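Chemist: Quick one: this structure, given as structure tokens, is what I'll be asking you about.
Structure follows, in structure tokens:
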């Protein structure tokens, strides 16, 4: 009986070992390992060393191994090998054909980076503006290809309340990846506050730490290196001996003079230095007070080897230039004309001009003068303030509307109740003081009314206006009957006197000069409006005699 038990146990142990080597992994043996640990802990008990306990453990082990293999799931018996946490990485499901299929869990990578502030990008649309998704209910896709729905937005009232009561960390910006409001957290607000106050951005940074005595803090009783001194520190150097021998030999041969004579040193110091003019010029920083030399004027047309004919001197000009002293000449040269450039000879005045140029630069010092900073407004005369020029009209009380174009003349009546005006439209208008137009007449359609005047007498109401070469006398119907009759009588008497004098002069003396004015009636249309007389003035130039005169 014991032999059969041992054989069965060996057979089962071999089966279990083969299964564990081929099919089992660490997850399936997790309980076995725990029991082995428990057994190891129990082995510390002195009672566990007895033969009886050994027999009991052997029998229990046979029972456990037999039942453990029978209770294993199919996935553990035929599944692939996994790691220690394989029971958490996949699960067994039945596929459409009735077979087993392994469904693995999502990978949860461990974030192992020094930058703990960086976060993974949730929206994977890349560098694409969110305006492309305005017509869609989503704003992008996550790493698994699922749609990221657009966040809900509040109504207009909510937006108004949010704008009035701003939350802490509000920026007014939208996150381009999620479409949600982009607010600052407490750490970012603290960082901004520190930057605004000029403090160190890092809160844990101590600008004034306590001094740590690295070298004097702990007294070293033993040397850092107890190695013995090398032999080379006590033996003379062979290289230095060779170098000293070379120097001694050079001094003996006279190639090295340890002490130079004073005369030779003075000669070396006062020796003239020669410069190579063909070497490349080394750039030097310009001095603060350095003033560049003025540039030469560019050559003109007369310096051309084939100048235009108008620049060539004539024979007389050449003779006069040669007879003039060199100091009094306007130019140091005379233009010449050559057929081609190969026929142009050497310029004989080149050395002289270069020498004079060097003298000008050497003998004429250049001085830097500061430009006067004068305010241009200080050069203008100071105008008086308008308050000091009063009294003058400062307010517009009445506006007289009616004229088209410019008003050329204005006159007040002798009684001060009426204002007459004339302008470019050829009209004469009479206004009341309050701006009301009382009377108007158009004297000409082409000529402007240049001048207008009242007869300086309160007993009459006569107005004269000049348009072109015509002088009109009128009586506006704005006065009473007595003044109107008196005004018309004055004009009729004047018209009759002018007519009689003209008639007598022409009848008595046939050689009499022509009168300077021609009197006439303006016409029935103007007479009905109040224009009674018209005088055409004949202008004659001064000094021109009349052909009919004596």
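In UniProt numbering, the protein residues as written are 1 to 550.
A virtual CB, placed ideally from N, CA and C, is assigned to each residue, including glycine.
As the structure is a computational prediction, the values presented were derived from the model and not from experiment.
1. Does the region 356 to 371 come close enough to the region 402 to 416 that 3 or more CB-CB pairs lie under 8 Å?
2. Check whether the region 337 to 354 touches the region 299 to 314, taking contact to mean three or more Cβ pairs, one atom from each stretch, closer than 8 Å.
3. Would you kindly work out how many angstroms separate the C-alpha atoms of residue 94 and residue 127, rounded to a whole number?
4. For residue 143, does the three-state DSSP call read helix, strand or coil?
5. Helix, strand or coil for residue 343 per DSSP?
6. Can you list, in chain order, the residues of its chain with a C-beta nearer than 8 Å to that of residue 142? Leave out the 5 residues immediately preceding and following it.
7. Do you know whose CA, among 329, 448 and 220, lies nearest residue 426's CA?
8. Inspect the beta-carbon positions of residue 430 and residue 422 and report whether they are closer than 7 Å.
9. Report the three-state DSSP secondary structure of residue 316 (helix, strand or coil).
10. Specify whether the region 459 to 477 and the region 526 to 540 touch according to this definition: at least 3 beta carbon pairs, one from each stretch, less than 8 Å apart.
11. Quick check on residue 181: does DSSP put it in helix, strand or coil?
12. How big is the Cα-Cα spacing for residue 432 and residue 381?
13. Does DSSP put residue 470 in a helix, in a strand, or in coil?
14. Are the Cβ atoms of residue 553 and residue 151 separated by less than 7 Å?
15. In chain order, which continuous runs of the alpha helix (DSSP H) of length 4 or greater are located wholly inside the region 374 to 448?
16. Going by beta-carbon coordinates alone, are residue 467 and residue 443 separated by less than 7 Å?
17. Taking Cβ to Cβ, would you say residue 173 is nearer than 7 Å to residue 160?
18. Quick check on DSSP: helix, strand or coil for residue 493?
19. Pull up the CB-CB distance for residue 555 and residue 438, whole angstroms please, since I reckon it's below 8 Å.
20. Quick one: using the 10 Å Cβ neighbour count with 16 as the cut-off for buried, is residue 418 buried or exposed?
21. May I have the straight-line CA-CA distance separating residue 203 from residue 186, to the nearest angstrom?
22. Nearest to residue 103 by CA position, among 90, 96 and 97, is which residue?
23. Tell me whether residue 183 counts as near the ligand SAH, meaning its Cβ is closer than 6 Å to at least one heavy atom of that ligand.
24. Could you name the residues that DSSP lists as bridge partners for residue 90?
25. Sort 176, 450 and 278 by Cα distance to residue 408 and report the nearest one.
26. If we ignore side chains and look at the alpha-carbon of each, how far apart do residue 267 and residue 298 end up?
27. Quick check: the Cα distance between residue 305 and residue 286, rounded to an integer number of angstroms?
28. Does the distance from the C-beta atom of residue 201 to that of residue 191 stay below 7 Å?
29. Taking the beta strand (DSSP E) that residue 520 belongs to, which residues open and close that run?
30. Put residue 537 into one of helix, strand or coil per three-state DSSP.
31. Specify, as a first and last residue, the run of the alpha helix (DSSP H) that residue 270 falls within.
32. Within 10 angstroms of its Cβ, does residue 463 collect 16 or more other Cβ (buried), or is it exposed?
33. Where DSSP assigns a beta bridge to residue 465, which residues make up the other side?
34. May I ask you to report which of helix, strand or coil DSSP gives residue 251?
35. Go ahead and pull the three-state DSSP assignment for residue 164.
Modeler: The structure says:
1. These segments do not touch.
2. Contact between the region 337 to 354 and the region 299 to 314 is present: three or more C-beta pairs spanning the two stretches fall below 8 Å.
3. As a working mapping, residue 94 is identified with position 94 in the chain shown. As a working mapping, residue 127 is identified with position 127 in the chain shown. So the two alpha carbons sit approximately 42 Å from each other.
4. Here residue 143 refers to the residue found at position 143 when the chain shown is read from its first residue. Three-state DSSP puts residue 143 in coil, outside helix and strand.
5. The residue given as residue 343 occupies position 343 in the chain shown. Correct three-state label for residue 343: helix.
6. Counted from its first residue, the chain shown places residue 142 at position 142. Contacts found: 122, 123, 124 and 148.
7. Reading the chain shown from its first residue, position 426 is the one you call residue 426. Closest by alpha carbon: 448.
8. Within the chain shown, residue 430 is the residue found at index 430, counting from 1. Within the chain shown, residue 422 is the residue found at index 422, counting from 1. No. Outside cutoff.
9. Position 316 of the chain shown, counted from the first residue, corresponds to residue 316. In the three-state DSSP reduction, residue 316 falls in the helix class (H, G or I).
10. The region 459 to 477 vs the region 526 to 540: in contact.
11. By 1-based counting over the chain shown, the position of residue 181 is 181. Per DSSP, reduced to three states, the secondary structure at residue 181 is strand.
12. On the chain shown, position 432 is the one that residue 432 refers to. On the chain shown, position 381 is the one that residue 381 refers to. Cα to Cα, residue 432 sits roughly 43 Å from residue 381.
13. In the chain shown, the residue the question calls residue 470 occupies position 470. Here residue 470 sits in strand by DSSP.
14. The requested residue 553 is not part of the displayed model; the chain covers only 1 to 550.
15. DSSP runs (the alpha helix (DSSP H)) wholly in the region 374 to 448: 376 to 379.
16. Within the chain shown, the letter at position 467 stands for residue 467. Within the chain shown, the letter at position 443 stands for residue 443. Cβ distance < 7 Å, so residue 467 and residue 443 count as in contact.
17. Translated into the one-based positions of the chain shown, residue 173 becomes position 173. Translated into the one-based positions of the chain shown, residue 160 becomes position 160. Not closer than 7 Å, so no.
18. Within the chain shown, numbered from 1, the residue matching residue 493 stands at position 493. In this structure, residue 493 counts as helix in the three-state DSSP scheme.
19. Here the chain comprises residues numbered 1 to 550, so residue 555 is not present and cannot be evaluated.
20. Numbered from its first residue, the chain shown carries residue 418 at position 418. Residue 418 should be labelled buried.
21. Within the chain shown, residue 203 is the residue found at index 203, counting from 1. Within the chain shown, residue 186 is the residue found at index 186, counting from 1. Here the alpha carbon of residue 203 sits roughly 13 Å from the alpha carbon of residue 186.
22. Position 103 of the chain shown, counting from 1, holds the residue named residue 103. Closest option to residue 103, Cα to Cα, is 90.
23. By its list of ligands, the structure shown contains no ligand whatsoever, and the ligand SAH lies outside what it can speak to.
24. As a working note, residue 90 is residue 90 in the chain shown. Note: residue 90 sits in a beta bridge opposite 104.
25. Position 408 of the chain shown, counting from 1, holds the residue named residue 408. Closest option to residue 408, Cα to Cα, is 450.
26. The residue given as residue 267 occupies position 267 in the chain shown. The residue given as residue 298 occupies position 298 in the chain shown. Distance between the alpha carbons of residue 267 and residue 298: 47 Å.
27. On the chain shown, residue 305 is found 305 positions in, with the first residue counted as 1. On the chain shown, residue 286 is found 286 positions in, with the first residue counted as 1. Annotation: residue 305 to residue 286 spans about 38 Å, alpha carbon to alpha carbon.
28. Counting from one through the chain shown, the residue named residue 201 turns up at place 201. Counting from one through the chain shown, the residue named residue 191 turns up at place 191. Contact: yes.
29. By 1-based counting over the chain shown, the position of residue 520 is 520. In the DSSP assignment, residue 520 falls within the beta strand (DSSP E) that extends over 517 to 520.
30. In the chain shown, residue 537 corresponds to position 537, counting from 1. If DSSP states are grouped into helix, strand and coil, residue 537 belongs with the strands.
31. Walking along the chain shown from the start, residue 270 turns up at place 270. Taken as a continuous stretch (DSSP letters only), residue 270 belongs to no alpha helix (DSSP H), as it is neither H nor E.
32. Position 463 of the chain shown, counting from 1, holds the residue named residue 463. Burial is judged here by how many other beta carbons sit within 10 angstroms of a residue's own beta carbon; residue 463 has at least 16 and is buried.
33. Numbered from its first residue, the chain shown carries residue 465 at position 465. Looking at the DSSP assignment, residue 465 forms a beta bridge with 452 and 472.
34. Taking the chain shown and counting its residues from 1, the one referred to as residue 251 is at position 251. Annotated three-state conformation of residue 251 is helix, per DSSP.
35. Within the chain shown, residue 164 is the residue found at index 164, counting from 1. DSSP, reduced to helix, strand and coil, places residue 164 within a helical segment of the structure shown.
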